[in-house]
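In what follows, a structure is listed as structure tokens, so that the remarks can point back to it.
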Amino acid sequence: MLFNSMEFLIFFPIVVLAYFVIPKPLKNPWLLVSSYFFYMCWNARYALLLFFSTIVTYGGGLAMEAVKGSRWRQSVKGTAKKLVLTASLILNLAVLFYFKYANFALDLLGSALALLNVKLTIPTFDIILPVGISFYTFQALGYAIDVYRDEIYAEKNFLQYALFVSFFPQLVAGPIERSKNLLRQLSEPKKFCYESVRAGLLLMLWGYFLKMVISDRCAVLVNTVYGNYGTYQGFQILLANVLFAIQIYCDFMGYSVIAKGAALVLGYRLMDNFSQPYLAGSVKDFWRRWHISLSTWLRDYLYIPLGGNRGSRLKKYRNLMITFLVSGLWHGADFKFILWGGIHGVYQIAEDLFAKPFGKTCERLHIRTDTFSWKLIGIVRNFILVDIAWVFFRADSVKAALEILRRSVLLSNSRLLLNGGLFQLGLNKRNMAILLVALAALLISSVMKERGIQCLNWLSKQNVVFRYAVYWSLVVLIIFSMDITGQEFLYFQF
Amino acid sequence: MKQIGKLAFKCFCVLLPFVVLWCYMRQHMLAFVDNEAPYYIWNREKTNSEQEKQYRVIILGDSVANAAYVPEALSRDTLNLALGGITPMESYYILRDWLNHHPAPEVCYISFQDFHLQREDNFWTRIMYSHRFRPCQNLELMKVAVSYNEPSILTEHYWLDFLSYQLYLPNKYIASIMNAGFNQRYKSNSEVMQANELHGGRYIGRATTEYNGNELESYNEFRVNPLFDEYYKKIIALCLENGITPRIVKLPLPEGTQFTDHYKKTFEEYYEELQEAYSSITVDWFPEYPKDCYYDTHHMNSHGALQFSLELKERYPEDFPTLEPDAGQLGAIDDSIKAENKIEWILKWISGKDYTVLFYDQNGNFQSMYEDRLREAWAMEALTFYSVPVDRTEEAPEAPLVWGISGTEEHTLSAAVLWTEEGLAVQLDGEGPRPWVTASGDVLGVIVINNYDRSVVCMKSFLYVDEAFTLAQ
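Written out as structure tokens, the structure reads:
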């Protein structure tokens, strides 16, 4: 079930109304049933995987808690806990591996054997990638690791824990919630709160705006160019690349905002998944702002356990590269994603390596780095770097990405900028105009947030005419984007 | 509770643009729907409203039937209720709608192209989009489709699509609204409705465009999908229940269309079985027509449709008695003549009807051409050819000859051609002169006069090129 589908528009009000009407003891079971229904609308059988992941990590958590409370020696306890955690990790990752990476691994094996001149026909599995498997697996694993680290107590209430893993607003595309945040909130079913329902609905409206007005509109042009990149070059590809950066941001952020809004309507607060990533001045800063729930997950459960910044510079870079390669692999079983992660790893290493000499050079040249113009240069430079990496993410293959990058520098078609040729890429003048207006709104809201102004709070303090002008503009633009919507959220595939 | 009320009110306020748009979509469909939807809306309104006029013959079927049956050429009380892309399933409900609001007709012609006996074509984009049926009927259609698991109707989210259309949700109409610039289509759609009313429901193939392609179909097997078979039979049963004679007609396809023996065998088997079950039905398979009678591989153009309709009329004279045409029929004939691009087809339209065509013969050889060759080639024995007096003035002592052809044996119109200060004019029954505009140059000027109301239907000019008359631009 997509957030931008009719099903959800029917499903959500029913869930919310019932949630606030039914007695307190039934609220969480109701949300659990609704969440499983939400998931099963896509594929009923694959709900078993969700259930499996829930059972394994729930059982693992209880087992670790039992070990902790036992009278065993400390070293035995540690070993036993490690064993339980390892089992939990292996079982979950095995499922993830089978459904997401098995065919990729077999392909790799086949290629490796071919290099060794061994001709072997390796069959591939006919598997559908379960929606959201990477998200809920990581969320469940995060819980198991937290219990192992004694950061939280294992949850004894199975229904509550199952709801934590399957909570429908963030089930299929995150944010990857932490047990410390969501699980705790789920222990106390919520009452109707006018303010949070109102704020949640407004967030959802903003999320739909991002997804339907901006992202889906960008997708039209991006799909046109990337679908037939051999016939485009220069400014056409550059425009598509820029729009893809916007598309994926608004798509994923749109989903996260709708998820956050939907949870808030029910009274739950999900974490922020984005913080104006394209206003970042460096790649390192970008990763503090982009897909925060995943990047902090990887930081806490992979990068730091690997050693993090501790040790030599080489070790730090190794840890960084591993983390980013895993991040790439998490996004998909394809070399292009691994390469995409690797590029970001290289960016960060390069930034780190050149930070000091660059800073010294600026000092010697008396370049003021606290000015707006300097920040703007940093933002633009960072956007270009990130956008180059997005080409690998969006293209069908590494080869295609390289060809797209090659074609993007063939700038001989500058007349397209003047003769309206850019309107021949799927977005006519009207849609381009709508997109520009919407992007202006996004930019304003991003700058406001960057300056610490919460747009919703700010808006609620404005006079009624202005407020409704904003609401109605959003509603009208969403309605007038319905003819080009219906596309899945990009992050569903991960 | 107060807070819930407040929240609901605010939600309503925020969604006000949606509500306004919804009301607009609900009330003013003609202002934005595409230019094919009005035919379905007309069909709905026609069948669901009481008509003063009694119809003796109605036509049911798909686009091929809609194109082929020309009510104005058949009789004044024939109505074409066929619609593009529909199957016997929708046709059954159209017939039911009709019978719920009107006395039963005497005869019902039923024609479907094979394709529409096998799968749905336009269910969502036409039937649902234009709200051809009432919600309860649509629900019934959906239920039947579900029970038969009909893949051409059951889309991935068919219940949601169903709801979206039924509730007039913007996701189904916003593209039309944007393309229409909100209400820019109202005028053209209203004109479409009027034209459809004028032509008794026939809207496909009203142009004279001819098919030039070579891709003709080959038919290997005649099959009827069980769902549509059930409705085919339900139509027949409903006809018989109401004393209507059902006539099934397999419409002619372009010359060169292939039918294998197996196809013919399965076709015969199916209809023999049907005739065993319903003995009073007739089944006709019309032979192929020349390719220039079609505008594509299936649909007749106005020439083919006229030819077919005249043949049908000849085959079933009891269904189409010769009656004095009424104003509606004459309006439709006039409109069809206006769209004609060939003289012979103008003459076919007027054949048997009180119309006159005058020819302004600048070459002076039209009479000999007509009598030596054209009359036979055009098979126009029934027409009366005569000379029209021309008032030769001093200014134009050598004015060309003018000939007249009357649609009936006795010509009731007394016409004279004269020269006025403004140029050529025609005088009908001693009334004041009316200007007759012809193209300049060596052309054959043609004026068609409706003798029933003494109106000039159209004026055209033809060039004689390659032994044929072509319309001068």
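Residue numbers (the working numbering), protein chains in the order written: chain P, 79 to 572; chain V, -2 to 470.
Ideal placement from N, C-alpha and C gives every residue a C-beta, glycine not left out.
The structure presented is a predicted model; accordingly, all values stated were derived computationally and were not measured.
Using a Cβ cut-off of 8 Å (strictly closer), state whether D561/P contacts chain V. Walking along the first sequence from the start, residue 561/P turns up at place 483. D561/P counts as touching chain V.
What did DSSP end up calling C105/V once you bin it into helix, strand or coil? Along the second sequence, one-based indexing puts residue 105/V at 108. DSSP places C105/V within a strand segment (E or B) once states are collapsed to three.
Tell me whether D281/V sits in a helix, a strand or coil according to DSSP, three-state version. In the second sequence, the residue the question calls residue 281/V occupies position 284. Collapsing the DSSP output to three states places D281/V in a strand.
Please confirm whether K140/V has its beta-carbon closer than 8 Å to some beta-carbon of chain P. Indexing the second sequence from 1 puts residue 140/V at position 143. Taking Cβ atoms only, chain P never reaches closer than 8 Å to K140/V, which makes this a no.
Quick check on the DSSP output: the beta strand (DSSP E) that includes V54/V runs from which residue to which? Locating residue 54/V in the second sequence gives position 57, counting from the first residue. For V54/V, the enclosing beta strand (DSSP E) has its first and last residue at 54 to 58.
CB contact flag (T435/V, N338/V, <8 Å): Residue 435/V sits at position 438 when you count from the first residue of the second sequence. Residue 338/V sits at position 341 when you count from the first residue of the second sequence. Inclusion of T435/V and N338/V in the CB contact set at 8 Å is not warranted, their separation being larger than that value.
Relative to the C-alpha of E42/V, which candidate in L27/V, S72/V, R53/V, I83/V has its C-alpha closest? By one-based count along the second sequence, residue 42/V stands at place 45. When only C-alpha atoms are compared, the closest one is L27/V.
Can you say whether P383/P is buried or exposed, counting buried as having 16 or more other CB atoms within 10 angstroms of its CB? The residue labelled residue 383/P in the question sits at position 305 within the first sequence. Exposed, by the Cβ-count rule.
Which chain P residues are close to P14/V, counting only those with a beta carbon under 8 Å from its beta carbon? Taking the first residue of the second sequence as position 1, residue 14/V is located at position 17. Listed by position along chain P, the residues whose Cβ is nearer than 8 Å to that of P14/V are W550, V553, V554, I557.
Can you give me the Cβ contacts of D316/V inside the same chain, cut-off strictly under 7 Å, excluding the 5 residues immediately before and after it? By one-based count along the second sequence, residue 316/V stands at place 319. Only residues of its own chain outside the window of five on either side were considered, and among them V54, V104 have a CB closer than 7 Å to the CB of D316/V, listed in chain order.
Using 8 Å as the Cβ pair cut-off and three pairs as the minimum, do the stretch 116 to 136 of chain P and the stretch 244 to 251 of chain P touch? Taking a cut-off of 8 Å for Cβ pairs, the stretch 116 to 136 of chain P and the stretch 244 to 251 of chain P touch, as three or more such pairs fall below it.
Can you pull the DSSP bridge partners for M142/P? Counting from one through the first sequence, the residue named residue 142/P turns up at place 64. Residue pairing by DSSP places M142/P in no beta bridge whatsoever.
Once you ignore the five residues that flank S112/P on each side, which residues in its own chain have a CB closer than 7 Å to its CB? Locating residue 112/P in the first sequence gives position 34, where the first residue counts as 1. Cβ within range, chain order: V93, F246.
Would you mind sorting A172/P into buried or exposed? The rule is 16 or more other CB atoms within 10 Å of its CB. On the first sequence, residue 172/P is found 94 positions in, with the first residue counted as 1. Under the 10 Å beta carbon count, A172/P is surrounded by fewer than 16 other beta carbons and is classified as exposed.
Tell me the rounded alpha-carbon separation between L167/P and I174/V. Stepping through the first sequence from its first residue, residue 167/P is reached at position 89. Stepping through the second sequence from its first residue, residue 174/V is reached at position 177. Approximately 53 Å between the Cα atoms of the pair.
Please state whether the Cβ-Cβ distance between T353/V and I446/V is less than 8 Å. The count along the second sequence starts at 1 and reaches residue 353/V at position 356. The count along the second sequence starts at 1 and reaches residue 446/V at position 449. For the pair T353/V and I446/V, the CB atoms are nearer than the 8 Å cut-off.
Range of the contiguous alpha helix (DSSP H) that encloses W408/P: As a position in the first sequence, residue 408/P is number 330, starting the count at 1. It spans 391 to 409 - the alpha helix (DSSP H) in which W408/P sits, taken as one unbroken run.
Which residues DSSP lists as bridging M297/V, in chain order: For this step, residue 297/V is matched to residue 300 along the second sequence. DSSP lists Y291/V as partners of M297/V.
Use the C-beta contact count for M(-2)/V: other C-beta atoms within 10 angstroms, 16 or more gives buried, fewer gives exposed. On the second sequence, position 1 is the one that residue -2/V refers to. M(-2)/V counts as exposed, since fewer than 16 other C-beta atoms from the protein chains shown sit within 10 angstroms of its C-beta.
M22/V touches chain P at which residues, Cβ-Cβ below 8 Å? Along the second sequence, read from residue 1 onward, the residue named residue 22/V stands at position 25. Within chain P, no residue comes near M22/V; the closest Cβ sits about 11 Å away, beyond 8 Å.
List the endpoints of the continuous alpha helix (DSSP H) containing L151/V. Here the question's residue 151/V lines up with position 154 in the second sequence. In the DSSP annotation of this structure, L151/V is not part of any alpha helix (DSSP H), being labelled neither H nor E.
For R529/P, does the three-state DSSP call read helix, strand or coil? Position 451 of the first sequence holds residue 529/P. Annotated three-state conformation of R529/P is coil, per DSSP.
Count the CB pairs spanning the stretch 244 to 258 of chain V and the stretch 76 to 87 of chain V that are closer than 8 Å, and state whether there are at least three. Touching, no, given that fewer than three Cβ pairs across the two stretches are closer than 8 Å.
Contact check, N186/V vs V30/V, beta carbons under 8 Å: One-based indexing of the second sequence puts residue 186/V at position 189. One-based indexing of the second sequence puts residue 30/V at position 33. A distance below 8 Å separates the beta carbons of N186/V and V30/V.
Exposed or buried, which one is W536/P when buried takes at least 16 other CB atoms within 10 Å? The residue labelled residue 536/P in the question sits at position 458 within the first sequence. By the beta-carbon neighbour count (other beta carbons within 10 angstroms, threshold 16), W536/P is exposed.
Please tell me whether L355/V and A412/V are closer than 8 Å, where the distance is taken between their beta carbons. The residue you call residue 355/V lines up with position 358 of the second sequence. The residue you call residue 412/V lines up with position 415 of the second sequence. Closer than 8 Å, so yes.
Local conformation of T263/V per DSSP, three classes: On the second sequence, position 266 is the one that residue 263/V refers to. Note: T263/V maps to helix in three-state DSSP.
Give me the subset of the stretch 155 to 176 of chain V whose CB atoms are less than 7 Å from a CB atom of chain A, sorted by chain position. Protein chains P and V are contained in the structure displayed, whereas chain A is not.
Should F219/V be labelled buried (16 or more other beta-carbon atoms within 10 Å of its own) or exposed? Along the second sequence, one-based indexing puts residue 219/V at 222. F219/V comes out buried.
Name the residue from L488/P, K539/P, A222/P, D448/P whose alpha carbon lies nearest to the alpha carbon of E143/P. Here the question's residue 143/P lines up with position 65 in the first sequence. With distances taken between Cα atoms, E143/P lies closest to A222/P.
Which of the three DSSP states is assigned to P432/V in this structure? The count along the second sequence starts at 1 and reaches residue 432/V at position 435. Three-state result, P432/V: strand.
Would a C-beta distance cut-off of 8 Å place M73/V and D351/V closer than the cut-off? Walking along the second sequence from the start, residue 73/V turns up at place 76. Walking along the second sequence from the start, residue 351/V turns up at place 354. Note that residue 73/V corresponds to Arg in the displayed sequence, not to Met. At the C-beta level, R73/V and D351/V stay beyond 8 Å of one another.
Can you tell me whether S437/V sits near the ligand MN, meaning its C-beta is under 7 Å from at least one heavy atom of the ligand? The ligand MN is absent from the structure shown, which contains no ligands of any kind.
Which residue from C10/V, L4/V, N63/V, F6/V puts its Cα closest to that of S299/V? Position 302 of the second sequence, counting from 1, holds the residue named residue 299/V. Checked all of C10/V, L4/V, N63/V, F6/V; the closest Cα to S299/V is N63/V.
Give, in chain order, every unbroken run of the alpha helix (DSSP H) that is at least 4 residues long and sits entirely within the stretch 222 to 279 of chain P. The stretch 222 to 279 of chain P contains these whole alpha helix (DSSP H) runs: 236 to 244.
Please identify, using Cβ separations under 8 Å, the residues of the stretch 264 to 276 of chain P that lie next to chain V, in order along the chain. Answer set for the stretch 264 to 276 of chain P: F270, Y272, V275, R276.
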